[in-house]
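For the first sequence, the positions run 513 to 922 when our numbering is used.
Glycine residues also receive a C-beta, built at the ideal position from the N, C-alpha and C atoms.
Since this is a predicted model, take the numbers as computed values, not measurements.
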Amino acid sequence: MRSSEKVRVRFAPSPTGLLHVGNARTALYNWLFARQKKGVHVLRIEDTDVERSEARFEAQILEDLRWLGIDWDEGPDVGGHFAPYRQSDRMDTYQRYAERLLDEGKAYLCFCSAEDLERERQAAAAEHRPQVYSGQCRQLDPAQAKQRRASGEAAAIRLKIPEHPIDFHDIVRGNVTFDSESVSDPIIVRSSGIPVYNYVVVVDDAEMKITHVIRGDDHLSNTPKQVALYEALGFPVPEFAHLSTILGPDRERLSKRHGATSISQFRDMGILPEALVNYLALLGWAPTGGTRETFTPKELIKEFSLERVTPSPAIFDFDKLYWLNRHYIKTADPRRIVELSLPYFRKAGLLPADESAEVRSWAEKVIALLVPYVDQLEQLPEKAKFLLNYDAEAAVKAEDNHRFPFRARL
RNA sequence: GGCGCUAUCGUCUAGGGGUUAGGACGGAAGAUUCUCAAUCUUCAAACCCGGGUUCGAUUCCCGGUAGCGCUACCA
Numbered sequence: 513m514r515s516s517e518k519v520r521v522r523f524a525p526s527p528t529g530l531l532h533v534g535n536a537r538t539a540l541y542n543w544l545f546a547r548q549k550k551g552v553h554v555l556r557i558e559d560t561d562v563e564r565s566e567a568r569f570e571a572q573i574l575e576d577l578r579w580l581g582i583d584w585d586e587g588p589d590v591g592g593h594f595a596p597y598r599q600s601d602r603m604d605t606y607q608r609y610a611e612r613l614l615d616e617g618k619a620y621l622c623f624c625s626a627e628d629l630e631r632e633r634q635a636a637a638a639e640h641r642p643q644v645y646s647g648q649c650r651q652l653d654p655a656q657a658k659q660r661r662a663s664g665e666a667a668a669i670r671l672k673i674p675e676h677p678i679d680f681h682d683i684v685r686g687n688v689t690f691d692s693e694s695v696s697d698p699i700i701v702r703s704s705g706i707p708v709y710n711y712v713v714v715v716d717d718a719e720m721k722i723t724h725v726i727r728g729d730d731h732l733s734n735t736p737k738q739v740a741l742y743e744a745l746g747f748p749v750p751e752f753a754h755l756s757t758i759l760g761p762d763r764e765r766l767s768k769r770h771g772a773t774s775i776s777q778f779r780d781m782g783i784l785p786e787a788l789v790n791y792l793a794l795l796g797w798a799p800t801g802g803t804r805e806t807f808t809p810k811e812l813i814k815e816f817s818l819e820r821v822t823p824s825p826a827i828f829d830f831d832k833l834y835w836l837n838r839h840y841i842k843t844a845d846p847r848r849i850v851e852l853s854l855p856y857f858r859k860a861g862l863l864p865a866d867e868s869a870e871v872r873s874w875a876e877k878v879i880a881l882l883v884p885y886v887d888q889l890e891q892l893p894e895k896a897k898f899l900l901n902y903d904a905e906a907a908v909k910a911e912d913n914h915r916f917p918f919r920a921r922l
């Protein structure tokens, strides 16, 4: 239906922490799709959570994306036609649309207190009904409601969810339908005047003319609310593609306790970006035939397709990532590997303070020798110790090591 | 509790109404005139359960079960 339009996708991280591999995969799929379709990749910062958002996280996320080789055509640092690209800078836009919805009768003021709502929820739970808002304040006369708000009464703004079922198309999962009874009238602007995520994301995606919303499947259940919002706002509904969750070995959402989860951690371990990109691409997507394992970014751009993305959740397999990393370490330009490895040697105190040309060339030889035996660059110094601390006399004296003294201690 | 999503070797997956159900990681065994985590070869390893449709279901449909997600004036 909108196939003639130029593809516009966005990656929208919230700067509340480091870039997680799951989000990195979402960014990668967005980027691959945009580049393949010769579309536009937008980076937008979702910093409506004022408490937890930090500028240093935003900077780190940008750096990590660049390290992975993912770039963007519009974003907070490069600007673009739809600037600004930070939600905290777009508040007046959200306000404007909310008032319009109110004036058009598509949204209403809600004066219910937190206690009222809690009571409703408990009653619903007791009767095994969906826990949705009763819609009490829908009945209020809009003019009177506005007056109450003007006189200082705290009011949130809620969207009216239509009475009919809401369905939408998802490229990964097909058609998804929700009964309107199970979808609550969502609050779009808090009584404090600060808009809610599910609302601003729609305003931004619509204003920025996003054609394909590619994101984690934790947003799937929120999508009917968003579809209703697009319709109320009079914007076309985009295509959706909800990516499955990345799990740890215990089938729980992948988190710190499973080991490394952030992109910078993998970089610090000595994982090559091309290995991580290759691994992440294969986690939830497979090429036709499904037998090929290694892809350069260029090849991924050519081969990737959202239609072939698997809907089922995937467990993150560190071993396979390490295997791919070893593959790329071995095939990379040796000079680059040396460059990337030297810091680990310095950190381990294995290099003299004055790195003479001689020391360097020796280090290069050591690294070249050991590279096939590690799957993270970080492991190199440990492997090198037996060589660098080699004691020729002791080796000669050792009876069991008389033939191949150093290899025996590998 | 309600709603939604998901279900092929241990893991990532290919495949698809009739197949020896393919590949990869990991595992095991062997080779590489010693060790060996590199390399090569070989092997083991899977269609969640129950109905239905069909001449025939792992594949299509329904139900169950399990896992995950959403159910906030979080994102």
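C-beta contact flag for residue i and residue j at 8 Å
i, j, result
"ARG650", "LYS672", "yes"
"ALA536", "ILE775", "yes"
"ILE700", "PHE690", "no"
"LEU889", "SER853", "yes"
"GLY796", "ALA844", "no"
"LEU863", "ALA896", "no"
"SER692", "HIS676", "yes"
"THR528", "ARG564", "yes"
"LYS518", "VAL554", "no"
"LEU788", "LEU577", "no"
"PRO893", "PHE857", "yes"
"PRO698", "THR560", "no"
"ALA524", "GLU558", "yes"
"TYR711", "TYR597", "no"
"ILE683", "LEU818", "yes"
"ARG685", "PRO823", "yes"
"ARG556", "ARG522", "yes"
"TYR840", "GLU764", "no"
"SER703", "ALA657", "no"
"LEU540", "GLN572", "no"
Residue of the options minimising C-alpha distance to residue i
i, options, result
"ASP762", "SER776, ALA865, ASP691 and PHE828", "PHE828"
"VAL688", "MET603, PHE752, ILE758 and GLU805", "PHE752"
"GLU876", "ALA860, GLU851 and TRP797", "GLU851"
"GLN599", "GLU517, GLU570 and HIS676", "GLU570"
"TYR791", "LYS550, GLY534 and SER696", "GLY534"
"ILE582", "ALA793, PHE747, HIS839 and TYR609", "ALA793"
"HIS681", "LYS518, VAL749 and ALA636", "VAL749"
"LEU812", "LEU530, ALA524 and LEU544", "LEU544"
"ARG612", "GLY746, SER526, VAL562 and ASP628", "GLY746"
"TYR645", "ALA657, LYS549 and ASP628", "ASP628"
"ASP831", "GLY760, GLY647 and ARG872", "GLY760"
"ALA798", "GLU815, LEU784 and ILE783", "GLU815"
Residue i, buried or exposed, once every other Cβ within 10 Å from all chains shown has been counted against 16
i, result
"TYR885", "exposed"
"ARG520", "buried"
"VAL883", "buried"
"GLN738", "buried"
"PHE918", "Confidence at PHE918 is low in this model, with a pLDDT of 41, below 50, so its placement is unreliable and the value that follows should be read with caution. It counts as exposed."
"ARG602", "buried"
"SER868", "exposed"
"SER756", "buried"
"ARG779", "buried"
"HIS754", "buried"
"HIS532", "buried"
"HIS640", "exposed"
"PRO736", "buried"
"THR800", "exposed"
"THR806", "exposed"
"VAL878", "buried"
"ASP887", "buried"
"VAL562", "exposed"
"GLY771", "exposed"
"ALA655", "exposed"
"GLY782", "buried"
Do three or more CB pairs link the stretch 655-672 to the stretch 590-600 at distances below 8 Å?
-> In this structure the stretch 655-672 does not touch the stretch 590-600; the number of beta carbon pairs closer than 8 Å is below three.
Let me know the alpha helix (DSSP H) ranges lying completely inside the stretch 545-602, each 4 residues or longer, listed in chain order.
-> As summarised for the stretch 545-602, the continuous alpha helix (DSSP H) elements at least 4 residues long and confined to that stretch are 567-580, given in chain order.
Would you check if there are 3 or more beta carbon pairs closer than 8 Å linking the stretch 706-723 to the stretch 620-638?
-> Counting C-beta pairs closer than 8 Å gives fewer than three between the stretch 706-723 and the stretch 620-638, which falls short of the contact rule.
Inside the stretch 773-815 only - beta strand (DSSP E) runs reaching at least 3 residues | Uninterrupted beta strand (DSSP E) stretches at least 3 residues long and entirely within the stretch 773-815 do not occur.
Return the chain-ordered ranges of every beta strand (DSSP E) run that is complete within the stretch 654-709 and spans a minimum of 3 residues.
-> Taking only runs of at least 3 residues, the beta strand (DSSP E) segments lying wholly in the stretch 654-709 are 668-671, 678-682, 686-690 and 699-701.
Beta strand (DSSP E) runs contained entirely in the stretch 822-846, provided each spans 3 or more residues | With a minimum length of 3 residues, no continuous beta strand (DSSP E) run stays inside the stretch 822-846.
May I ask you to verify whether the stretch 571-591 touches the stretch 609-618, counting CB pairs closer than 8 Å and requiring at least 3?
-> Not touching, per the Cβ criterion.
Does the stretch 734-749 touch the stretch 631-643, meaning 3 or more C-beta pairs lie closer than 8 Å?
-> Under the three-pair Cβ rule at 8 Å, the stretch 631-643 does not count as touching the stretch 734-749.
Which whole runs of the beta strand (DSSP E) in the stretch 709-773 are 3 residues long or more, in chain order?
-> Listed in chain order, the complete beta strand (DSSP E) runs (minimum 3 residues) inside the stretch 709-773 are 724-728 and 751-755.
Cβ contact check for the stretch 646-664 and the stretch 718-735: 3 or more pairs under 8 Å = When Cβ pairs closer than 8 Å are counted between the two stretches, the stretch 646-664 is seen not to touch the stretch 718-735, the count staying below three.
Could you tell me which uninterrupted alpha helix (DSSP H) segments, each at least 4 residues in length, are contained entirely in the stretch 520-545, listed from first to last along the chain?
-> For the alpha helix (DSSP H) assignment, the stretch 520-545 encloses no uninterrupted run of at least 4 residues.
What beta strand (DSSP E) runs, 3 residues minimum, are completely inside the stretch 600-636?
-> Runs of the beta strand (DSSP E) inside the stretch 600-636: 619-622.
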